[in-house]
Each structure stands twice: as structure tokens, then as C-alpha cells.
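Residue numbers (numbering that gives the first Met the number 0), protein chains in the order written: chain R, 0 to 259; chain F, 0 to 241.
Beta carbons are placed, not taken as given, at the ideal position from N, Cα and C, and that holds for glycine.
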Amino acid sequence: MPVRRALLFLAGVLMSVQDFTMMIVRSFRYLIFHFRMRESLFEMDRLGVGSIPIVFLANLFAGLDMALQFSVVMAPYGASNLLGRVVATSIIRDMGPVLASLVMSARVTAGITSELGMMATTQQIEALLVMGVDPVDRLIAPKILAGMVMLPALSVVGDLLGVLAGLMVAQLGAHVPAPLYWSGVRSALTLPNLVNGMLKPFVFGFILVAVGCFYGLRTTGGAQGVGRATTKAVVSAAIWILIANFMISKFLIDVWGWKL
Amino acid sequence: MIRLEKVTVAYGEQVVLDGIDLEVPTGKTMVILGESGSGKTTILKCVLGTLHPVSGRVLANDLEVGKLTDEELLRFRRRMGMVFQEGALFDSMTVGENVAFWLWEHTTLSDDKVEERVRMLLQFVGLESSIDQMPSDLSGGMRRRVAIARAMAAEDPAFMLYDEPTTGLDPFTSKSICDLMRRVQREFKSTNIVVTHDLTDAYRVGDLFTFIKDAKVIATGTRQEIEHSSDPFIRTFISLDS
Ligand SMILES: Nc1ncnc2c1ncn2[C@@H]1O[C@H](COP(=O)(O)OP(=O)(O)O)[C@@H](O)[C@H]1O
Ligand SMILES: [Mg+2]
Chain R
0 MPVRRALLFL
10 AGVLMSVQDF
20 TMMIVRSFRY
30 LIFHFRMRES
40 LFEMDRLGVG
50 SIPIVFLANL
60 FAGLDMALQF
70 SVVMAPYGAS
80 NLLGRVVATS
90 IIRDMGPVLA
100 SLVMSARVTA
110 GITSELGMMA
120 TTQQIEALLV
130 MGVDPVDRLI
140 APKILAGMVM
150 LPALSVVGDL
160 LGVLAGLMVA
170 QLGAHVPAPL
180 YWSGVRSALT
190 LPNLVNGMLK
200 PFVFGFILVA
210 VGCFYGLRTT
220 GGAQGVGRAT
230 TKAVVSAAIW
240 ILIANFMISK
250 FLIDVWGWKL
Chain F
0 MIRLEKVTVA
10 YGEQVVLDGI
20 DLEVPTGKTM
30 VILGESGSGK
40 TTILKCVLGT
50 LHPVSGRVLA
60 NDLEVGKLTD
70 EELLRFRRRM
80 GMVFQEGALF
90 DSMTVGENVA
100 FWLWEHTTLS
110 DDKVEERVRM
120 LLQFVGLESS
130 IDQMPSDLSG
140 GMRRRVAIAR
150 AMAAEDPAFM
160 LYDEPTTGLD
170 PFTSKSICDL
180 MRRVQREFKS
190 TNIVVTHDLT
200 DAYRVGDLFT
210 FIKDAKVIAT
220 GTRQEIEHSS
230 DPFIRTFISL
240 DS
């Protein structure tokens, strides 16, 4: 019996992976061959513009805190002159994209799953199919595109804010002069760092939308089901973002070696 | 004409329809009655072609639904209107946009032409003044009306399928929805399947009646034939209603 259960579980996982892959492949096919400008712009506006305040807040406080912690660690070694570089590097490479995506998953993934889940449980998805419109075409593809475009854009703005917050701490707390801080920041704007800083939000934006869509579309069981699906989606999006973060970091370090 | 021949549907190991035969002559309304969970919605899904039976075939005017390609299916569904339980209106769109949706997606009609058709359809169901309202602002009965208008948007319907169109409505609203269904049938000479568990409404719209129980058809016929049935389940169903 345990063997049978394990096999059934494995089969379920494989089916889910297949469904997910199919959804993604079809989304990209629609994005290429049946692009919807109106819907895509609408989703970008909804996903991106509405998220600016939370991404701002997250990066502001992350920048403040990081600069504070680093300056405490570095001051005894007389390394405060590196503060700008260290803060900018960690924000661009890791903290900026990861934080933005995690707070966005609470907003975007949850929003997408509950909206699609509601549509699924009230037969709106079926109604689309009956009217000859593929839900992946009309609903999913524009959202995925919006995630991949808007997350990098939001990350750039968020990074900038984080670095500025770091400057505040550097000036007021660590007594690092602004020019010194800025030259550190400039030295952190290397190609590996910038590629890292753009690739991550691009992938994370894809993950947080795709996961939300996947759980939303397969929702069953009324309002309760919508709640369950939403919780699951937000948790898995967060986990996958952290996994992807590590894998991208590892990959880029392998490509460029231990350069900063 | 819509005909189901020995249609069997199963979800996993649960057999939901077990060799169902059903025939709806052109221009007639067939009412399907049965308890909830007896497979009524599943029959509609087979007719729409969104669900493929394990065995058996579904015919609509000589077309075999299971054999249609995606393109043929789309063309077939242009002339088929489906009114979902609770309406299933797109709740992010206005009433007018819901009705216009099919035309936007599948035609290159100008905005004026689309609006003209939308207004005509909403007028037909008596809701022209609600064109800019959101579905969430409508009453249950109004939502069903919009759903009926949306189902007819593509072309004049040859087939109309209604899934519990009056469930959850008060008796007056129920009657007005039944009147509207009759009007659709008279106007377009459509062939209809109506799923319900309300006998009063069934008598209002139906020409023929089919009872489903335990995945099988237990009786089918005209009102008279049904009322004279000796089947205990049907006797109980009829007596419960009166
Ligand atoms: N997608 C599905 N997966 C598994 N079981 C289903 C599915 N859809 C319906 N069923 C089951 O099939 C039976 C018939 O469903 P349905 O046709 O919706 O009944 P009705 O419309 O008469 O209430 C029910 O027992 C239901 O639980
Ligand atoms: Mg049903």
C-alpha cells in the first residue's frame, strides 16, 4: 500500500509538472503568434504601477538596515570606505530583486490566483472555452509578459532607492563622506552585477505570475478552494523565487568566476 | 436535432453517465430532470464538446460532435448558446462588454456594428438600460438574462443549452426567465435542452422530459407520459412538487 500511495503521489507530481510546462509553452506561443497589445498593457499597468509603493518601502528599509549592519561590521577594520560598494553590490545582486519579488508575490501572486480561482469556480473559464477563446491566450500570456517586463523595471527603481537609503546611513551614522560612498557605488556597477540584477527580477517576475496562474486555473471547491489555492500559490512562489535566486547566483559565478 | 447515443462518461472510476440515449427533435425543448450530482451538467458538456464521452456519440444535425476539429467545433458553437448555472458572466467586464465579447474575439466588425448588435440583444432580453452596469450590480434574474443575450451573440442560435436557469430565483423572476426562454425558442426555432430540478419551470418551457437517476435515463416522454409513469422515483418527484 505505501508503495502504491508513493507511486500515485509521484504520478500526481509529474502530471502537475506536465500541466505547468504545457501552460508555459502555450503562453509563449501565444505571446509570439497571437500577441494581445491591449491586454498586455492593461496587465502591466495593474501589476507594475500598483506595486510601486510596496517595492519602494521594502527597498528603503532594506537599504537602511543593510548599510547599518555593514557599517557596524566594517568600521573596526577601517573598511568604511568600501561601504558604498558593498551596499550597492548586495542590493543589485540579491536584496533588491529578491525583496521586490517576495513582497510582490504577496500582492501579485495572491491577486492572480484568487482572481483566476474565482473565475474557475464560477465557470467563467469554461465560458471562455465554449466561446472559442483559450484562457491561456486571453488571461495567462499577457500576465506572464507583464511580470517579466515590470519586475526588472521595478527592481531598477527599487535598487536606486535602496542605495540612496544606504547613503543616508553612511552620512549620518557611519560618517562616510558622500563622494566616497558614491565612488564605491559606481565601482559596483560592473557587467556581472548588472546582468545579475536584471536577470533575477526577469526570472522572478515570470515565476510569481506563472505560479499564480497555475494554481488559479486549477482551483476547485468554491470560496474555500480559492483561499486554499491562494495560500499554496504564494508559498510556492516564494520558495521557487529563493531557489531560483540561489541557482542564478551560482550560475553567474560559474560564468564569471569570483569577480565582483 | 440533438441526439445522444449510448453515451458513457466516467470521472476516474465513478461512472457519471451510463449508456445514455436522448433525442431532442428540431425546434423542441427537452427538459432534463434529476437530483443534483446526477450528471445533468455533464450531458450539456458532452453536447458542447468540452467533454468527450468514454463511449457513445453525440450528434447535432448530422454533425458528430466528438469528431469535429477545433476549427469545426468553433464554427459549430457559433450557433450554439450555452447559459451556465448562475450565468458565469465575466465579472471584470460590463454587461455590454460581456455580450460584445464573442464579436470582439472572432469578428472584425466595427465598434458601431458591435454596439448595434449588443443593443439589439440586450433589448431582446429586456436589459438595454443596463448596458454599462457591472454583473455584480445585477440581480440573479438580470444576470441570467445577460447570460442568455451573451449566448446568442455569435449568430441566431440553432441550439440553446440552459443549466439550471431558474435555480435560486424567486417565483416571479423564475417565471419571467421561463417566458424569455420560450420567446427565444419561438423567435429562432431553436432546439433546446434545459436542465432543472424544478418541475413547475420544467412544465413551463418543456415539450419533452427526461429523468436521470443513478447515471441512467429512467423515463423520457411528454408531460402526459411522465405524469402517468408508475416509476416510484418519478411519482415521488412529482408529488414533492405539488
Ligand atoms: N471534473 C470532475 N471531476 C470529477 N468528478 C466530477 C467532475 N465534474 C462532475 N463530477 C461528478 O460527476 C457527477 C455529476 O456531476 P454533474 O453533471 O455536475 O451533476 P448535476 O449537474 O446533475 O448536479 C457528480 O457526482 C460530480 O461529483
Ligand atoms: Mg449541474
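DSSP-derived helix/strand/coil call for GLY80 (chain F): Translated into positions along the second sequence, residue 80 (chain F) becomes position 81. The three-state reading of DSSP puts GLY80 (chain F) in strand, counting E and B together.
Since I believe MET117 (chain R) is in contact with VAL234 (chain R) (beta carbons under 8 Å), could you give me their beta-carbon distance rounded to a whole number of angstroms? For the purposes of this step, residue 234 (chain R) is identified with residue 235 of the first sequence, where counting begins at 1. For the purposes of this step, residue 117 (chain R) is identified with residue 118 of the first sequence, where counting begins at 1. About 19 Å; that fails the 8 Å criterion.
Just the chain F side, please: which residues come within less than 7 Å of VAL129 (chain R) by C-beta, in chain order? Within the first sequence, residue 129 (chain R) is the residue found at index 130, counting from 1. Here the neighbours are LEU47, THR49, ARG76 and MET81.
How long is the line joining the alpha carbons of GLU85 (chain F) and MET79 (chain F), rounded to whole angstroms? Indexing the second sequence from 1 puts residue 85 (chain F) at position 86. Indexing the second sequence from 1 puts residue 79 (chain F) at position 80. Using only the alpha carbons, I get a separation of about 18 Å.
From R:TRP181, R:VAL107 and R:ASP158, residue whose alpha carbon lies closest to that of ALA169 (chain R): Translated into the one-based positions of the first sequence, residue 169 (chain R) becomes position 170. The alpha carbon of ALA169 (chain R) has as its nearest neighbour, out of R:TRP181, R:VAL107 and R:ASP158, the alpha carbon of R:TRP181.
What residues in the region 81 to 111 of chain F bring their beta carbon closer than 9 Å to a beta carbon of chain R? Cβ contacts with chain R: MET81, PHE83, GLN84, GLU85, GLY86, ALA87, LEU88, PHE89, ASP90, SER91, PHE100, TRP101, GLU104 and HIS105.
Of all the alpha helix (DSSP H) runs that stay within the bounds of the region 138 to 176 of chain R, which reach a length of 4 or more residues? Uninterrupted alpha helix (DSSP H) stretches at least 4 residues long and entirely within the region 138 to 176 of chain R occur at 140 to 171, given in chain order.
So who's on the other strand from THR195 (chain F), going by DSSP bridges? As a position in the second sequence, residue 195 (chain F) is number 196, starting the count at 1. BP columns for THR195 (chain F) point to F:LEU32.
So what does DSSP say about ILE130 (chain F), is it helix, strand or coil? One-based indexing of the second sequence puts residue 130 (chain F) at position 131. It is coil, neither helix nor strand.
Residues of the region 116 to 128 of chain F in Cβ contact with chain R at a cutoff of 8 Å, in chain order, please. For chain R, none of the residues of the region 116 to 128 of chain F brings a beta carbon within less than 8 Å of one of its beta carbons.
Say yes only if the C-beta of GLY18 (chain F) is nearer than 7 Å to one or more non-hydrogen atoms of ligand 1, and no if none qualify. Within the second sequence, numbered from 1, the residue matching residue 18 (chain F) stands at position 19. In this structure, GLY18 (chain F) has its beta carbon at no less than 7 Å from each heavy atom of ligand 1.
Quick check: the Cα distance between THR40 (chain F) and LEU47 (chain F), rounded to an integer number of angstroms? Locating residue 40 (chain F) in the second sequence gives position 41, counting from the first residue. Locating residue 47 (chain F) in the second sequence gives position 48, counting from the first residue. So the two alpha carbons sit approximately 11 Å from each other.
With a threshold of 8 Å between beta-carbons, can ASP132 (chain R) be considered close to chain F, or not? Translated into positions along the first sequence, residue 132 (chain R) becomes position 133. Sequence inspection shows Val at residue 132 (chain R); the Asp mentioned does not correspond to that position. For VAL132 (chain R), the answer is yes, since a Cβ of chain F falls inside 8 Å of its Cβ.
Restricting to Cα atoms, I'd like to know which of R:MET130, R:GLY172, R:ALA61 and R:ARG137 is closest to GLU71 (chain F). Your numbering for residue 71 (chain F) matches position 72 in the second sequence. Minimum Cα-Cα distance from GLU71 (chain F) among the listed residues R:MET130, R:GLY172, R:ALA61 and R:ARG137 corresponds to R:MET130.
Interface residues of chain R around LEU73 (chain F) at Cβ under 8 Å? Here residue 73 (chain F) corresponds to residue number 74 of the second sequence, with the count starting at 1. Here the neighbours are GLY131.
Do you know offhand how far GLU127 (chain F)'s Cα is from MET119 (chain F)'s? On the second sequence, position 128 is the one that residue 127 (chain F) refers to. On the second sequence, position 120 is the one that residue 119 (chain F) refers to. So the two alpha carbons sit approximately 8 Å from each other.
Top-ranked residue by Cα proximity to ALA152 (chain R), from R:GLY183, R:MET103, R:GLY165 and R:GLY11: Here residue 152 (chain R) is taken as the residue at index 153 of the first sequence, counted from 1. Residue R:MET103 is the option with its Cα nearest to ALA152 (chain R).
Chain F contact for ALA140 (chain R) (CB, 8 Å cutoff): One-based indexing of the first sequence puts residue 140 (chain R) at position 141. No, because no Cβ of chain F sits closer than 8 Å to the Cβ of ALA140 (chain R).
Between THR306 (chain R) and chain F, is there a C-beta pair that is closer than 8 Å? One cannot answer for residue 306 (chain R) here, as it falls past the ends of chain R, which runs 0 to 259.
Indicate whether the contact test is met: 3 or more Cβ pairs, each with one atom in the region 213 to 228 of chain R and one in the region 106 to 120 of chain R, closer than 8 Å. Judged by pairs of C-beta atoms under 8 Å, the region 213 to 228 of chain R touches the region 106 to 120 of chain R, as three or more such pairs exist.
By the 10 Å Cβ neighbour count, where 16 or more other Cβ atoms means buried, how is ARG185 (chain F) classified, buried or exposed? For the purposes of this step, residue 185 (chain F) is taken as the residue at position 186 of the second sequence. Looking at its Cβ environment, which holds fewer than 16 other Cβ atoms inside 10 Å, ARG185 (chain F) is exposed.
Would you report the Cα separation of ARG4 (chain R) and VAL12 (chain R), rounded to the nearest angstrom? Stepping through the first sequence from its first residue, residue 4 (chain R) is reached at position 5. Stepping through the first sequence from its first residue, residue 12 (chain R) is reached at position 13. Taking the straight line from one Cα to the other gives about 12 Å.
According to DSSP, which residues form a beta bridge with ASP158 (chain F)? Sequence index remark: in the second sequence, residue 158 (chain F) carries index 159 (1-based). According to the sequence as given, residue 158 (chain F) is Phe; it is not Asp. Paired residue(s): F:MET79 and F:THR190.
Ligand 1 and LYS39 (chain F): does the residue's C-beta get closer than 7 Å to at least one heavy atom of that ligand? Within the second sequence, the letter at position 40 stands for residue 39 (chain F). The answer is yes for LYS39 (chain F).
Residues near SER129 (chain F) by beta carbon distance below 6 Å, same chain, minus five either side: Position 130 of the second sequence, counted from the start, is the residue given in the question as residue 129 (chain F). Within its own chain, the residues whose Cβ lies closer than 6 Å to the Cβ of SER129 (chain F), once the five positions on either side in sequence are excluded, are VAL94, listed in chain order.
Taking Cβ positions, are MET92 (chain F) and PHE100 (chain F) nearer each other than 8 Å? By one-based count along the second sequence, residue 92 (chain F) stands at place 93. By one-based count along the second sequence, residue 100 (chain F) stands at place 101. Yes, these two residues count as a Cβ contact at 8 Å.
Let me see if you follow: with CB-CB separation under 8 Å, is THR121 (chain R) close to chain F or not? Stepping through the first sequence from its first residue, residue 121 (chain R) is reached at position 122. For THR121 (chain R), the answer is yes, since a Cβ of chain F falls inside 8 Å of its Cβ.
Say yes only if the C-beta of VAL15 (chain F) is nearer than 7 Å to one or more non-hydrogen atoms of ligand 1, and no if none qualify. Working through the second sequence from its first residue, we reach residue 15 (chain F) at position 16. Correct: VAL15 (chain F) has its Cβ closer than 7 Å to ligand 1.
Helix, strand or coil for THR230 (chain R), going by three-state DSSP, please let me know. The count along the first sequence starts at 1 and reaches residue 230 (chain R) at position 231. The DSSP-derived three-state label of THR230 (chain R) is helix.
Does ligand 1 have a heavy atom nearer than 7 Å to the CB of TYR214 (chain R)? Locating residue 214 (chain R) in the first sequence gives position 215, where the first residue counts as 1. Checking every heavy atom of ligand 1 against the Cβ of TYR214 (chain R), none is found closer than 7 Å.
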